[in-house]
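As structure tokens, the structure follows; a few thoughts come after it.
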Amino acid sequence: MQEAGVPRWQRALGWVVRVPPRLRLLALVGLPLALLAYVSLPRPSPGRPPEAGGCAGPTPAPGNAEIEDRVVELVNERRAAVGLPPLKRIEELTGSSRWFAQSMATQDYFPEDHHSYVRSGDDLRRACDWSTRVGWFYAGWHAIAETIAAGHETPEEVVRGWMESPGHRAKILGRSYWETGAGYWAGGSEGHYWVEDFGRRRGFFPVVIDGEARRTPKRDVRLYVYGSWREMRLRNDDGLFGPWRPFTSDLDWSLADGTGLRTVTVEMRDGRTRATSSDTILLSPPPPT
């Protein structure tokens, strides 16, 4: 039904013209300001709930980083033995694993369900699900899994124990995961707590040097590059990229000369789609015998 005697533009803005002038001014000025304030409000990062509570928090400083790195190396050795590619160790999954290992040690619990708990005297209160905790550190995941253990004294012992368990073995040898992180913490009634998280994110294509070894005494290394691409090119440290070459996941590579931390960066492309990834390793001479 039309409104007789009212121009078309006023009919379209009828809610304005029927409001008294003072209120009309408040509506026209206040609404844009309210919308601006709403847009300016801080938003929680994807995957990170605003209240972490006993679920997650800042990544603790490592209790023993070399032990954590050794766990990843051993897991990648087990994967290589059955023809699987190595997993890339990343800070996000290292943080999730280490935080949980510290939580179990300081709160003195070992949950079969992998969920996080908070202790109050003799009572344990469940804080959050394990996937929520991992997602707090590892946003945008496509697939995740976790192995935990307590009481084992060395990385060799804990990885051997995981491999003897069918459920843990299936996670370690899973084809759905490209990235990982291990956490270790001493304390609690068990003495030693171990966690390794596994995951994969869309849009991430890891590069792994020498099975994610912490260091190497030689320049010649082995690279693994995830994904399926048409071409690739590589560079050492901050040098220039080499020429484009056909893509291959598994290849030999020579690090830049000299000792210290070395970086290999790989750029991949397939038509208009491109991705860049890198990995680092410490190049150091073998210790004197």
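Count the sequence shown with this note's numbering and you get residues 112 to 400, in order.
All C-beta atoms, glycine included, are put in the ideal place defined by N, C-alpha and C.
Contact between G292 and R230 is absent: CB atoms are separated by about 25 angstroms, not below the 8 angstroms threshold. Remark: C-beta atoms of I392 and R326 approach each other more closely than 8 angstroms. Each of V375, Y335 and W355 was checked against the Cα of P196, and the nearest Cα belongs to Y335.
Measuring C-alpha to C-alpha distances from V332 to each of L394, V193, E342 and R312 identifies L394 as the nearest. By alpha-carbon distance to G294, the top candidate from R311, D390, Y249 and G174 is G174.
Rounded to whole angstroms, R330 and R209 show a C-alpha spacing of 31 angstroms. W296 sits close to A216, with the two beta carbons spaced by under 8 angstroms.
The region 151–236 contains, as complete alpha helix (DSSP H) runs of 4+ residues, the segments 176–192 and 202–218 (chain order).
Cβ atoms of P266 and I320 stay farther apart than 8 angstroms, at about 20 angstroms. In the DSSP annotation of this structure, the continuous segment of the beta strand (DSSP E) that includes H303 starts and ends at G302 to R312. P354 is classed as exposed because its beta carbon has fewer than 16 other beta carbons within 10 Å across all chains shown. Proximity to R356 across L185, N347 and E378 peaks at E378, based on C-alpha coordinates. Look at P357 here: in three-state DSSP terms it is strand.
Under the three-state reduction of DSSP, H253 is assigned to strand. Beta-bridge analysis with DSSP links V245 to no other residue. When secondary structure is reduced to three states using DSSP, R271 falls in the helix class. Contact check between the region 221–237 and the region 273–280: fewer than three CB pairs, one atom from each, fall below 8 angstroms, which does not count as touching. Of the residues G371, G369 and T376, the one whose Cα lies closest to the Cα of R344 is T376. At the C-beta level, W247 and A167 come within 8 angstroms of one another. Residues of the same chain with a CB within less than 7 angstroms of the CB of S365, apart from the 5 flanking positions on each side, are R330 and D331 in chain order.
DSSP places A297 in the uninterrupted beta strand (DSSP E) bounded by E290 to G298. With fewer than 16 other CB atoms across the displayed protein chains lying within 10 angstroms of its CB, S300 is exposed.
A direct Cα-to-Cα measurement between Y304 and E342 gives close to 43 angstroms. Setting aside the 5 residues that flank it on each side, Y288 is surrounded in the same chain by L198, A254, A256, F309, G310 and R311, each with a C-beta closer than 7 angstroms to its C-beta; the list follows chain order.
Ranked by how close their Cα comes to the Cα of L235, the residues F211, F221 and R244 have F221 in first place.
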